[in-house]
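Enquirer:
Chains as they are written, first to last, in my numbering: chain A, 1 to 114; chain B, 115 to 227.
#1: Exposed or buried, which one is residue 196/B when buried takes at least 16 other CB atoms within 10 Å?
#2: Could you give the uninterrupted runs of the beta strand (DSSP E) lying entirely in the region 145 to 197 of chain B, keeping only those of 3 residues or more?
#3: Between the region 119 to 134 of chain B and the region 26 to 40 of chain A, can you find at least three pairs of beta-carbon atoms closer than 8 Å?
#4: In the structure shown, what three-state DSSP assignment does residue 61/A receive?
#5: Counting only Cβ-Cβ distances shorter than 8 Å, please list the residues of the region 150 to 162 of chain B near chain A, keeping chain order.
#6: Using the C-alpha atoms, what's the distance from residue 194/B back to residue 72/A?
#7: My assumption, with CB atoms under 8 Å, is that residue 10/A sits in contact with residue 111/A. Please give the rounded CB distance.
#8: What residues in the region 168 to 194 of chain B bring their beta carbon closer than 8 Å to a beta carbon of chain A?
#9: Would you call the region 198 to 217 of chain B and the region 131 to 151 of chain B touching, i.e. three or more CB-CB distances under 8 Å?
#10: In the DSSP output, what is residue 94/A paired with across the bridge?
#11: Listed from N- to C-terminal order along the chain, which residues in the region 54 to 66 of chain A have their beta-carbon within a distance smaller than 9 Å of any beta-carbon of chain B?
#12: Just checking: is the beta-carbon of residue 220/B within a distance shorter than 8 Å of some beta-carbon in chain A?
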C-alpha cells in the first residue's frame, strides 16, 4: 500500500520569503501525486497534481512542485510567500485505476509572519 | 455555483443522538467520498461510493451508515453519537474511480457534548 510522509508539522516563514514544503511517498510504481491547500474553516482545494510527463509541475497561486523519483519526493515550492498563503497543506499519493483512494499526509501548517 | 456542498456546516448535539449530514455534487462525477478530519488535521477516508455503489468501507463503527440515493448525493447518518465522533467531516467527489483529483466540500463540524 502507498504511504506519504510530511515531515514538517509546522513551517514559519516571513512574507516575501521562499517556501519549500516536503513530501515523501512510498509506492512501488509511479504514483499519482497531489498537493492540496486547506484555508481555515474551508475544505481542501487542489493546488497541483502529477500523473506523468514533466517532473516540474505548475499549479495555482504561484505554486510548483517537483517529482523526484530517486528521492521518492514531491516537494512544494513558492518563490515568494504572501500572507494569504497561511494555511494547512496536504500532500497525497494515489495509484492509477481500480478502487483508487488517495492517501493523505498528516499536513503541514504554514505560518506567515508579516 | 457550489461544486460540492454539505449541510449543515455546524452540528452540535448530545451524546446518544442520531444525526445526518448531507452532501451533493453538481459536477456530474461518478465517485463520492466521506472523510473524517480529527483535531490534529489528520484526514481519514471513511467511505467511497461509485455510481451509488459502496466500493470502499474502511474500519468505521457500524453506527456510521452512508446512503447514496443517486450519484449526485452521498449522505452520512450517524447513530448513537459518541464524544469521539466530534470532528470535521468532509465530502468529496471525483470524476470516476482512479481519476485522481478530488473536489472537496466545505466540511461539517460536528461537536458531540
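Think of the CB as a built atom: it goes at the ideal place given N, C-alpha and C, for glycine as much as any other residue.
Expert: Concretely, from the data shown:
#1: Taking the second chain and counting its residues from 1, the one referred to as residue 196/B is at position 82. Flag for residue 196/B reads exposed.
#2: 145 to 151, 157 to 164, 167 to 171, 178 to 184 and 187 to 192
#3: no
#4: Reading the first chain from its first residue, position 61 is the one you call residue 61/A. The answer is helix: DSSP assigns residue 61/A an H, G or I state.
#5: 154, 155, 156, 157, 159 and 162
#6: Taking the first residue of the first chain as 1, we reach residue 72/A at position 72. Taking the first residue of the second chain as 1, we reach residue 194/B at position 80. So the two alpha carbons sit approximately 43 Å from each other.
#7: The residue given as residue 10/A occupies position 10 in the first chain. The residue given as residue 111/A occupies position 111 in the first chain. Rounded, the Cβ-Cβ distance is 6 Å, consistent with contact.
#8: 169 and 170
#9: yes
#10: Start at 1 with the first residue of the first chain, and residue 94/A comes out as number 94. Answer is 32/A.
#11: none
#12: Indexing the second chain from 1 puts residue 220/B at position 106. Output row for residue 220/B: interface = yes.
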